[in-house]
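Here is the structure we will look at, set down as C-alpha cells.
2 protein chains.
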Amino acid sequence: MAGSRRQAGRPVTPVLNRERIAQAALELVSADGTQKLTMAALARHLGVAASALYNHIGGKADLTGLLQDAVMGRVDVSALKAFREGTGTLESALADWARSYRDVFAAHPSLIPLIATLPISGAPATRRMYDVVAAALGHGGVPAQQVVPVIIAFESFLFGSAMDVHAPASIFTSQPGESDAPHFQRFVESFTATLAVTAGGTGGDGREPARDDGERNPYADAPFALGLEALIRATLKLVP
Amino acid sequence: MAGSRRQAGRPVTPVLNRERIAQAALELVSADGTQKLTMAALARHLGVAASALYNHIGGKADLTGLLQDAVMGRVDVSALKAFREGTGTLESALADWARSYRDVFAAHPSLIPLIATLPISGAPATRRMYDVVAAALGHGGVPAQQVVPVIIAFESFLFGSAMDVHAPASIFTSQPGESDAPHFQRFVESFTATLAVTAGGTGGDGREPARDDGERNPYADAPFALGLEALIRATLKLVP
DNA sequence: ACCTGAACACCGTTCAAGT
DNA sequence: ACCTGAACACCGTTCAAGT
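In order, the protein sequences belong to chains A and B.
If you use this note's numbering, the first sequence corresponds to residues 758 to 997, in order.
If you use this note's numbering, the second sequence corresponds to residues 758 to 997, in order.
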C-alpha cells in the first residue's frame, strides 16, 4: 500500500547513490536554506533512515563537498573555451564567465556560507573550471606567473559579490533621524535615487521592508559591474 | 576554597555583561575556531551556566553580531579620516584602509564564514566604519551616486580576499601525474616559482604539506595586491 | 552491500527556583 | 536582576541486527 515502510535489511535494488543524495541536498537547501539542511531532513526527503546516508557519504563535510561541485559544474565556461579556440575576445569571455559564476551562486545563496568554509578548489568540477580559465588567460597573453593571481583576485571578488546579491537590504532602510552614519546614509540616498530612475525599482523612498530571502538585491548589480570592469581592465593591462 | 561553585540565585555583583561575553567569545573562536564556539563552551570559559548567557544576549545570532562589531571596530580608518581633513591622497588612504580591513579578518579567519551569514553592516561599529569610507570618497570627488557601489565592490573583494588568506594550500599541492587540471597546474608552478625567488618561501617544490589553520597563505598576497590596485585605479577614474 | 532502528554525546534554548 | 540546574527538542554519527 501507499504508506508502506521499507523493511529492514538490504533492499533488492539500492535506493541511494551519491548523485541522488547531492540532488536532494540541493533541492532542500534551495527551498529551505542552509540551516534546514540536516542529515535527518535530508534522509526524510529521500525516504530513508538518516544512518543509511553513511553508506554513501563520509559525513556532513563530505556532503558539502558534493554540493560545491554540483554548483560549480553549472558555471558557464563556453565563452572562455571559444576564446581559446580563436573566437571572441578575452575581455568579453572573462565578462561572460564572471557573470555566470555570480549568477550561479546567486541562484543558491544559502550555499555560499557553506562553501565559504571549504577549500576553494578541492572538488573536481571546480578544478576543471579553473583549468579552463587558466588556459584562456594564458592564450590571451597574460604572463604565466600572473595567471594564478588573476584567477584568485577574480575569485575573491566573485565570491564576495555573490554574497552581496542576497544580503539583506536593511543597510539601506535605517531612518534618517536615528542614523549613526550620516554621510553613508546620504550617499545611499543618491544611489537608490538613480536606481529608481534607471530601473524603475522600489528603491525610491529608501524604506522598503526587508526582502524575502529568495529575492534579489537590486543594489548589488552596479557594484558588481564596477568591480568586474576594474578587474578585467587590470587583467588586460598585464598583456604585453 | 579554590574549586568552590557559585551558589544559585542572584550574585551580589553581576558576573557577566555583553562586553565580557564578546571578549570571551573572541578568545574562544581565535583559539579553537568557529566550530568550537558553542554556548556551553562559552559559558564554561566564563565560569558560568549556559543559561546565564541568556540574561545578556538574545541567542547565538546576537552573539555573532557582537563578534562582528568587535572585529570591525579594529579596522584602521585613520588614513581615510586624515585624507578628509586634507592630509594625503585618496589613493593611499584607500590602500591603507583596505590592507587593514583584510589584515583584521586574516587575524580572525574562523570568524569570516560566521560573519558571511550576517547583514553586511548591521552593527554600529561596522556602520561607523562605512561612514568614514563614504565621507572620504565623497571628499575625494567620487560622484555621489557612485560612492555606495564603490564601497560594496571593495567590500566584496576584501571579504573574499580575507577568506583566501587562510585557504588551504592544497590547491597547489596536487601531484603532476594525477592532476585533472594540467593548464592550471602549469601556471601554479610558474607562480610559486616567482614566490620562491622573491620571498625565499617554502613554495619551491609545490609539495609542502597542508598548512596549520594559524598559518598565512603566501599565495594570497599577490592576488590581493593585483585586485586592490585594479579597484583603486577604477575608483580614481570616477573622479571628474 | 545496503538498509533500519536504537543509542550516544552533543547542541541551543526555556524556565522554575533561588537569592 | 541575575544566577543555577533540570528539561526539551533537536543535532551528527555509530553500530548491531536484518536481508
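Glycine included, every Cβ here is placed at the ideal spot set by N, Cα and C.
Would you call residue i buried or exposed, if buried means 16 or more other Cβ atoms sit within 10 Å of its Cβ?
i, result
"Thr795 of chain A", "exposed"
"Ser849 of chain B", "exposed"
"Arg775 of chain B", "exposed"
"Gly958 of chain A", "At Gly958 of chain A, the pLDDT of 38 sits below 50, so the modelled position is not reliable and the matter cannot be decided from this model."
"Ala759 of chain A", "The predicted model places Ala759 of chain A with a pLDDT of 38, which falls under 50 and marks its position as unreliable; any figure quoted below should be read in that light. Its Cβ having fewer than 16 others within 10 Å, Ala759 of chain A is exposed."
"Tyr887 of chain B", "buried"
"Gln764 of chain A", "exposed"
"Asp937 of chain B", "exposed"
"Phe805 of chain A", "The displayed chain sequence assigns Val, not Phe, to residue 805 of chain A. Val805 of chain A comes out buried."
"Gly766 of chain B", "exposed"
"Ala836 of chain A", "buried"
"Gly917 of chain A", "buried"
"Pro980 of chain B", "buried"
"Arg762 of chain B", "exposed"
"Glu784 of chain A", "exposed"
"Thr949 of chain A", "buried"
"Ala891 of chain A", "buried"
"Phe911 of chain B", "buried"
"Pro999 of chain B", "With chain B covering only 758 through 997, there is no way to say anything about residue 999 of chain B."
"Ser808 of chain A", "exposed"
"Ala893 of chain B", "buried"
"Pro771 of chain B", "exposed"
"Ala987 of chain B", "buried"
"Ala919 of chain B", "buried"
What's the gap between the Cα of residue i and the Cα of residue j?
i, j, result
"Gly815 of chain B", "Arg884 of chain B", "21 Å"
"Thr791 of chain A", "Gly845 of chain B", "45 Å"
"Ser857 of chain B", "Val889 of chain A", "33 Å"
"Asp970 of chain A", "Ile908 of chain A", "Bear in mind that a pLDDT of 44 at Asp970 of chain A, under 50, signals an unreliable position, so the number given afterwards is only what the model happens to contain. Whole-angstrom Cα-Cα distance: 30 Å."
"Ala781 of chain A", "Arg831 of chain A", "16 Å"
"Leu823 of chain A", "Lys793 of chain B", "24 Å"
"Trp854 of chain B", "Pro768 of chain B", "44 Å"
"Met829 of chain B", "Ala839 of chain A", "43 Å"
"Val899 of chain B", "His865 of chain B", "32 Å"
"Thr992 of chain A", "Ala797 of chain A", "46 Å"
"Leu871 of chain B", "Thr821 of chain B", "7 Å"
"Ser787 of chain B", "Arg859 of chain B", "16 Å"
"Arg777 of chain B", "Leu810 of chain B", "11 Å"
"Gly843 of chain B", "Val922 of chain B", "33 Å"
"Pro997 of chain A", "Gly897 of chain A", "10 Å"
"Asp978 of chain B", "Gly895 of chain B", "29 Å"
"Ile989 of chain A", "Asp789 of chain B", "39 Å"
"Pro906 of chain A", "Ala882 of chain A", "20 Å"
"Phe862 of chain A", "Asp833 of chain A", "12 Å"
"Ala818 of chain A", "Ala852 of chain A", "32 Å"
"Pro939 of chain B", "Arg801 of chain B", "50 Å"
"Leu773 of chain A", "Ala901 of chain A", "44 Å"
"Ala982 of chain A", "Leu803 of chain A", "40 Å"
"Ala956 of chain A", "Ser947 of chain A", "The pLDDT assigned to Ala956 of chain A is 49, lower than 50, so where the model puts this residue is not dependable, and the model offers no usable value."
"Ala953 of chain A", "Gly984 of chain A", "22 Å"
"Gln825 of chain B", "Lys994 of chain B", "32 Å"
"Arg943 of chain A", "Leu847 of chain A", "38 Å"
How far does the alpha helix (DSSP H) with residue i in it reach, from first residue to last?
i, result
"Tyr858 of chain A", "Leu847 to Ala863"
"Leu783 of chain A", "Arg775 to Asp789"
"Gln792 of chain A", "Looking at the DSSP string, Gln792 of chain A is not in any alpha helix (DSSP H), and its letter there is neither H nor E."
"Ala836 of chain B", "Ser835 to Arg841"
"Leu820 of chain B", "Lys817 to Met829"
"Ser867 of chain B", "Unbroken run through Ser867 of chain B: none, as it is neither H nor E."
"Gln903 of chain A", "Ala901 to Val922"
"Ile989 of chain B", "Asp978 to Lys994"
"Tyr887 of chain B", "Pro881 to His896"
- request: Give the residues from the stretch 880-896 of chain B that approach chain A closer than 7 Å (Cβ to any Cβ), ordered along the chain.
  value: If the cut-off is 7 Å between Cβ atoms, the stretch 880-896 of chain B has Pro881, Arg884, Arg885, Tyr887, Asp888, Ala891, Ala892 and Gly895 near chain A.
* Can you list, in chain order, the residues of the stretch 843-856 of chain A whose Cβ is nearer than 8 Å to any Cβ on chain B? -> Taking 8 Å as the Cβ-Cβ cut-off against chain B, none of the residues of the stretch 843-856 of chain A qualify.
Taking only beta carbons into account, state which residues of the stretch 810-837 of chain A come closer than 9 Å to chain B, listed in chain order.
-> none
| Using a beta-carbon distance cut-off of less than 9 Å, what residues from the stretch 901-920 of chain A approach chain B? | Hits within the stretch, in order: Ala901, Gln902, Gln903, Val904, Val905, Pro906, Val907, Ile908, Ile909, Ala910, Phe911, Glu912, Ser913, Phe914, Leu915, Phe916, Gly917, Ser918, Ala919 and Met920.
Using a Cβ-Cβ cut-off of less than 9 Å, list which residues of the stretch 773-791 of chain A approach chain B; keep chain order.
Cβ contacts with chain B come from Thr791.
### Task
Could you run through the stretch 979-996 of chain B and flag, in chain order, every residue whose CB is less than 9 Å away from some CB of chain A?
Ala979, Pro980, Phe981, Ala982, Leu983, Gly984, Leu985, Glu986, Ala987, Leu988, Ile989, Arg990, Ala991, Thr992, Lys994 and Leu995
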